[in-house]
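Chemist:
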Amino acid sequence: MNMPAIIIEPDQFQTQSEPVDVMVEDEFIAIADLNTVKTEVFRTYSRQVQSEIEELQRDNRWEDIVSLFYPVESKLPDLFEKKLDTEIRSQLGFALGQIKRFDDALAELSICVQIDAENFGYHSSLAYTAYNSLYAAKNREIFLAGNLKSQRIELAHSHFRTAQLLRPDGITNFYREGMMFKQIENKVDRALPLFKSAVANWESMDSARQQERHQERKNYIKALYQLASSLLATGNAKSALPLIKKCLAEDEKSGHLTLLFKYFAMGKVHFHLNQLPEARDALVFAIKCANDQQGDFVHELLARTYLAMDNPARALEVIEKIPVKARKPYYRWTEADILCAMKDFGKARTVLLQCQERDNRGRHKALIRLARIEYLTEHFEQVVDYGAKAVKFFQDHWNNPYDAGLFWQAAGLLRLGKRDQARSIADALRKHNPRYPKLDKLFAALDKP
């Protein structure tokens, strides 16, 4: 039997396909991001890694951190691929810096800054790492010189300033950049406003805010100390005194600075204010706080204090507390000054000759002391010789004329009757520094018939 034909309408059992949306992926979102469960799994994994690193940090296990997680690209490829590695890179940068792999550390932190240019922590960490590398170079733990050192200095300054802009009420980054200028670049005048900012920022906070930022208090105390030291270095001992007193009071319980350094600073300020008994007392206490490997600089200043108090015998007793082999050039200059005050010129000569032979930085200072001794003992040929050597050394090292060397050359030549040579050198000194002490007396002697 023939079955009747069944007519099926085209859309009776088939639905027309829905129009397909055009998917657009860009830097803000990808299709994979719609899988929020998987994304959260990776975020949790990233936080777990960060926690592991923090645990190792607490025990200062820097090598272990680097061994386990560096480089991110090979040790944590999933997090690298999902771009969830930035904070881990920051932690690795810090760890690499702690083991003095500064180039690797800076590379990691530079990536962090490129990814998140507004992140205060990344800029601060990068600046701190560059700053630490410069200290390591200063301490001869690594080698940085020439253009590389200049670039590293500029890198540190650049990121310190960005961090300061991002957190203008901070303390640490102002303090550290101040230390860059003072200790690395020897630019105390540039350091002063930074130490002032660090101190002012802390003192402008109320007690609740200071409690929140308690980790920065130690750098406030250090900034007080360095501000006092910088003011003293720029000739403002009067302003330095209340600051060092405040530093001692603020640090009485916390002990962020050793008693040795605090009382040395106090003694130094009193010394420059010509408050000699107060300087002596502070320095004597500082020495009591020193161990056997510390304190030569305190002994030296205490000896100078006794010398200023017209007690060279006591000054020599203090100097002799430090073994001869451990006496640095500046220490030996003071030793020679004391011997001269005791009119033991022969021994002073011996000390200075030994000193200048080994001193590749301050040799000119020993040579000038020798020139003055020879002048007093009427060995004028030697005066001229030492003066010339001092001028040459200074010119070779700093590419500038040396005032004291020129003066004693001219004075020695004058006493030898070589007036034309003496006048020529005196003219050069007057051109370079017309206010040099006793220069007017030198010309008056030259003008006598």
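Just so we're aligned, residue 21 is where the sequence shown starts under our numbering, counting upward by one. Cβ atoms here follow ideal geometry from the backbone N, Cα and C, with glycine treated the same way. Given the structure is predicted, the values throughout are model-derived calculations rather than measurements.
Count the CB pairs spanning the segment 422-433 and the segment 397-406 that are closer than 8 Å, and state whether there are at least three.
Modeler: As far as the Cβ criterion goes, the segment 422-433 touches the segment 397-406, which means the pair count is three or higher.
Chemist: Less than 7 Å between the C-beta atoms of residue 307 and residue 289, yes or no?
Modeler: Not in contact: residue 307 and residue 289 (Cβ atoms no closer than 7 Å).
Chemist: Quick one: measure Cβ to Cβ for residue 393 and residue 410, integer angstroms, because I've assumed they're closer than 8 Å.
Modeler: Incorrect: roughly 13 Å between the Cβ atoms, too far for contact.
Chemist: Please report the distance separating the alpha-carbon of residue 457 from that of residue 293.
Modeler: The straight-line gap from Cα to Cα measures roughly 21 Å.
Chemist: If we ignore side chains and look at the alpha-carbon of each, how far apart do residue 465 and residue 368 end up?
Modeler: Their backbone Cα atoms lie some 29 Å apart in a straight line.
Chemist: Are the CB atoms of residue 470 and residue 325 nearer to each other than 7 Å?
Modeler: Beyond the ends of the chain as shown, which are 21 and 469, falls residue 470; an answer cannot be given.
Chemist: Go ahead and pull the three-state DSSP assignment for residue 98.
Modeler: It is helical.
Chemist: For residue 163, report the span of its alpha helix (DSSP H) as first-last.
Modeler: Premise fails: residue 163 is in no alpha helix (DSSP H) and is neither H nor E.
Chemist: Which same chain residues, not among the five before or five after residue 236, have their C-beta less than 8 Å away from its C-beta?
Modeler: Counting only Cβ-Cβ distances below 8 Å, and skipping sequence neighbours, we find 190, 191, 192, 222.
Chemist: Give the DSSP-derived three-state secondary structure of residue 398 in the structure shown.
Modeler: Residue 398 falls in the coil class under three-state DSSP.
Chemist: Spatial neighbours of residue 323 within its chain, please: CB distance less than 6 Å, with the 5 preceding and 5 following residues excluded, ordered by chain position.
Modeler: So the list reads 335, 338, 339, 354, once near-sequence residues are dropped.
Chemist: List, from N- to C-terminal side, the alpha helix (DSSP H) runs of 4 residues or more that fit wholly inside the segment 65-97.
Modeler: 82-89, 92-95, all fully within the segment 65-97.
Chemist: Contact between the segment 110-128 and the segment 85-98 is defined here as three or more beta-carbon pairs at a separation below 8 Å; is this criterion met?
Modeler: Judged by Cβ distances under 8 Å, the segment 110-128 makes contact with the segment 85-98, as three or more pairs qualify.
Chemist: Does DSSP classify residue 329 as helix, strand or coil?
Modeler: In this structure, residue 329 counts as coil in the three-state DSSP scheme.
Chemist: Less than 7 Å between C-beta atoms, sequence neighbours within five positions excluded: which residues of the same chain meet that for residue 384?
Modeler: The answer, listed in chain order, is 410, 413, 414, 422, 425.
Chemist: With burial defined as no fewer than 16 other Cβ atoms inside 10 Å of the residue's Cβ, what is the status of residue 344: buried or exposed?
Modeler: Classification of residue 344: exposed, given that the 10 Å Cβ count is below 16.
Chemist: Going by other Cβ atoms of all chains shown within 10 Å of its Cβ, with 16 needed for buried, is residue 347 buried or exposed?
Modeler: Residue 347 comes out buried.
Chemist: Tell me whether residue 320 sits in a helix, a strand or coil according to DSSP, three-state version.
Modeler: Looking at residue 320 - three-state DSSP - the assignment turns out to be helix.
Chemist: How long is the line joining the alpha carbons of residue 143 and residue 320, rounded to whole angstroms?
Modeler: So the alpha carbons of these two residues sit roughly 41 Å apart.
Chemist: With a threshold of 16 other CB atoms inside 10 Å of the CB of residue 333, please say whether the residue is buried or exposed.
Modeler: Residue 333 comes out exposed.
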